[in-house]
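Peer 1: This is the structure I want to talk about, given as structure tokens.
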Amino acid sequence: VVRGQTIDVLNVSIDQFLGIPYAEPPVGRLRFAKPEPIKTPNKGIIDGTVVNGRSCLQPYVPPFFQFMKNQSEDCLVLNIWTPNAGNNNTNKSQLKPIMFWLHGGGLSMGSIYEFPNYNGTALATHDVMVVTVNYRLGPFGFLYAGDETAPGNAGLYDQLLALKWVRENAEQFGGDMDRITIFGESAGSQSVSALVLSPLAKGLFKRAIHESGVLLTNKKRPYISKTEALDQFKVMANHFNCGADRNQWLQCLRNVTDYEELIKTFPMNTCPALESTELLPEINAQNAFIKNNFKLKGLDIMVGVSRNEGSLVSRAAYNWMFDRDINETDFDVLMNQLNDRFKDIDIPAVKDYYLKGVNTSDSQSLKHTFYDMVGDVWINCPAYLYARQYGTKSPDSRVYYYEQTYQSKNMINVGCVESTMGICHMADLPFVFGVPVMDDRNFTDIDIGFSRQVMQMWTNFAKTGNPDPQWLEFLDKKSNTSATKVLDLNPLTDKHMFTDLFAERCEHFWGNYFL
């Protein structure tokens, strides 16, 4: 039994349940392990009214993320907002579609308590049930020890277990387990793609929305190989003086109580997701859609990006170049650092392509060029190639694609200066969660109208698989043309569709790197 509260939002009654545990606390022997389903029955009443609940352990990285005061290793909880909890009518037609949210943060930061962004109340007024999920981060979620009790990707297993919990309990909250749309942003969006590609998640959801990120690696190597992951494990064991006996290392690390030190010694690779595992057999771009024999049939997907994905991402990953002028030598250093992360980039070819016509003695021009490159290799091209392959291999599915070309002035609060950085990574979040609608003092009328429109599209997609009658599908299945259609997501352009927006960069230039 969960005690929630009913709140009146935009003249709609929404039932809110915060901090519902969906797994056994991942502590002691369960640190680094796959989560275990929560043992029922819970004798007491769960208090679902606590606003500042437990976030998973994480570092503090301003200005991109809020400081989460209440952190705990026991953090596997979810929040639910539903227009329908009081309705005990099990009539299927009364049940609401479910939108299941996975937050971003490089798999090392973030929380469902980052309000106002992940507050699902405004979205729930569109007649859907909204669920947001905490999952383990950093070493707690992604340490790999080559051992069944520390198999790597524990954080992704958390997401999978939460999805199963929602399916099992949906009806009690008035939700329809057969109409679940999973959606997420950044690392949350990469997680969505992992669930789409994972045989273990087959049949658990009906639709998927990917906002700025998919897990798709270049053809030559994974994000992180098992050997590299075991090296990380060894570095941590040595750091905590776990001794020479490898068999003792896991227990030794499970006994560590200095969380901050644990987090510090685990490199913040923005994607420590391991492939070639039961959960993720294949995320190599070349093979992901060929070798996966699971049925993609019937899964509708939406994929989108912001116009200037690379700027805020560069600010987070290559901070040193941000507050100073850079020259060509610095640019080469940045290129090498980018290659350290993605490996096997043909640096001379990439420089030729991106620096064509650029004034290389101008610092701002060099920065913009680097941002464009980072945006393409990190987010734009993996997303484009994923959507293109998905649509080709699963012709029964509908695929929609957008590029957001508008943002609120409040993006300055997360370090995005529009005049020099453009439309940044994360620009979609306030609009998707209706922040302007709930907080009209700090947003313009255009922001408010746009947020209403975005929420309408997202919830339409969750209900029917079609976000908007004017939004054309990414691939035209009826004609023989291979041209792609991308919606210009902007309140000022009236649903304009771009044709072949990413083809030149992603197909012709980066295509060979990924495929």
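The letter at position 299 of the sequence shown is residue 299 when you use the UniProt record's numbering, and the numbering goes up by one with no holes.
Cβ coordinates follow ideal geometry from the N, Cα and C atoms, glycine included.
1) With DSSP collapsed to three states, give me the class of residue 294.
2) For the putative contact between residue 450 and residue 491, defined by C-beta atoms under 8 Å, what is the C-beta separation to the nearest angstrom?
3) Would you list, in sequence order, the uninterrupted alpha helix (DSSP H) runs of no fewer than 4 residues that lie entirely inside the stretch 329 to 375?
4) What is the DSSP secondary structure of residue 216, reduced to helix, strand or coil?
5) In the DSSP output, what is residue 412 paired with across the bridge?
6) Please list, in chain order, all residues of the same chain as residue 328 whose beta carbon is under 6 Å from its beta carbon, the five residues on each side excluded.
7) Could you check what DSSP says for residue 266 in three-state terms: helix, strand or coil?
8) What first and last residue would you give for the alpha helix (DSSP H) that runs through residue 232?
9) In the structure shown, what three-state DSSP assignment does residue 79 receive?
10) Quick check on the DSSP output: the beta strand (DSSP E) that includes residue 463 runs from which residue to which?
11) What first and last residue would you give for the alpha helix (DSSP H) that runs through residue 249?
12) Which residues share a DSSP beta bridge with residue 302?
13) Among 36, 341, 207 and 99, whose alpha-carbon lies nearest the alpha-carbon of residue 83?
14) Per DSSP, what kind of secondary structure is residue 323 in: helix, strand or coil?
15) Quick one: residues in its chain with C-beta nearer than 6 Å to the C-beta of residue 71, no 5 flanking neighbours on either side, listed in chain order?
16) Within 10 angstroms of the Cβ of residue 27, are there 16 or more other Cβ atoms? Answer buried if so, exposed if not.
17) If you reduce the DSSP assignment to three classes, tell me which class residue 507 lands in.
18) Is residue 436 buried or exposed, if buried means 16 or more other CB atoms sit within 10 Å of its CB?
19) Is residue 260 helix, strand or coil when you go by DSSP?
20) Return yes when the Cβ of residue 431 is within less than 8 Å of the Cβ of residue 454, no when it is not.
21) For residue 208 and residue 245, what's the separation of their Cα atoms in angstroms?
22) Between the Cα of residue 35 and those of 201, 155, 121 and 167, spot the shortest distance and give me the residue it belongs to.
Peer 2: Taking the coordinates as given:
1) As a first step, residue 294 is located in the sequence shown; it is residue number 294 there, counting from the start. Only weak support exists for where residue 294 lies, its pLDDT of 48 falling under 50; the value from the coordinates is given anyway. Here residue 294 sits in coil by DSSP.
2) Working through the sequence shown from its first residue, we reach residue 450 at position 450. Working through the sequence shown from its first residue, we reach residue 491 at position 491. The C-beta distance from residue 450 to residue 491 rounds to 4 Å, short enough to fall under 8 Å.
3) Taken in chain order, the complete alpha helix (DSSP H) segments of 4 or more residues contained in the stretch 329 to 375 are 347 to 355 and 363 to 375.
4) Taking the first residue of the sequence shown as 1, we reach residue 216 at position 216. Here residue 216 sits in coil by DSSP.
5) Residue mapping note: residue 412 aligns to position 412 of the sequence shown, counting from 1. BP columns for residue 412 are empty, so no partner.
6) Locating residue 328 in the sequence shown gives position 328, where the first residue counts as 1. The answer, listed in chain order, is 360.
7) Along the sequence shown, read from residue 1 onward, the residue named residue 266 stands at position 266. Coil, per DSSP.
8) Here residue 232 corresponds to residue number 232 of the sequence shown, with the count starting at 1. Unbroken alpha helix (DSSP H) run through residue 232: 226 to 239.
9) Residue 79 sits at position 79 when you count from the first residue of the sequence shown. Three-state DSSP puts residue 79 in a strand.
10) Here the question's residue 463 lines up with position 463 in the sequence shown. Where residue 463 is concerned, there is no enclosing beta strand (DSSP E), although the alpha helix (DSSP H) around it starts and stops at 445 to 464.
11) On the sequence shown, position 249 is the one that residue 249 refers to. From DSSP, the alpha helix (DSSP H) with residue 249 extends over 246 to 254.
12) Within the sequence shown, numbered from 1, the residue matching residue 302 stands at position 302. Its beta-bridge partners are 209 and 400.
13) For the purposes of this step, residue 83 is taken as residue 83 along the sequence shown, with counting starting at 1. Closest by alpha carbon: 99.
14) As a position in the sequence shown, residue 323 is number 323, starting the count at 1. DSSP places residue 323 in coil when its eight states are reduced to three.
15) Taking the first residue of the sequence shown as position 1, residue 71 is located at position 71. Taken in chain order, the residues that qualify are 55 and 57.
16) Against the sequence shown, residue 27 aligns to sequence position 27. The residue is exposed, with fewer than 16 neighbouring Cβ atoms inside 10 Å.
17) Indexing the sequence shown from 1 puts residue 507 at position 507. In the structure shown, residue 507 falls within a helical segment according to DSSP collapsed to helix, strand and coil.
18) The residue you call residue 436 lines up with position 436 of the sequence shown. Buried is the call here.
19) Within the sequence shown, numbered from 1, the residue matching residue 260 stands at position 260. It is helical.
20) As a position in the sequence shown, residue 454 is number 454, starting the count at 1. As a position in the sequence shown, residue 431 is number 431, starting the count at 1. The answer is yes: Cβ separation under 8 Å.
21) The residue labelled residue 208 in the question sits at position 208 within the sequence shown. The residue labelled residue 245 in the question sits at position 245 within the sequence shown. Those two C-alpha atoms are separated by around 44 Å.
22) The residue you call residue 35 lines up with position 35 of the sequence shown. When 201, 155, 121 and 167 are compared, the shortest CA-CA separation from residue 35 is found for 155.
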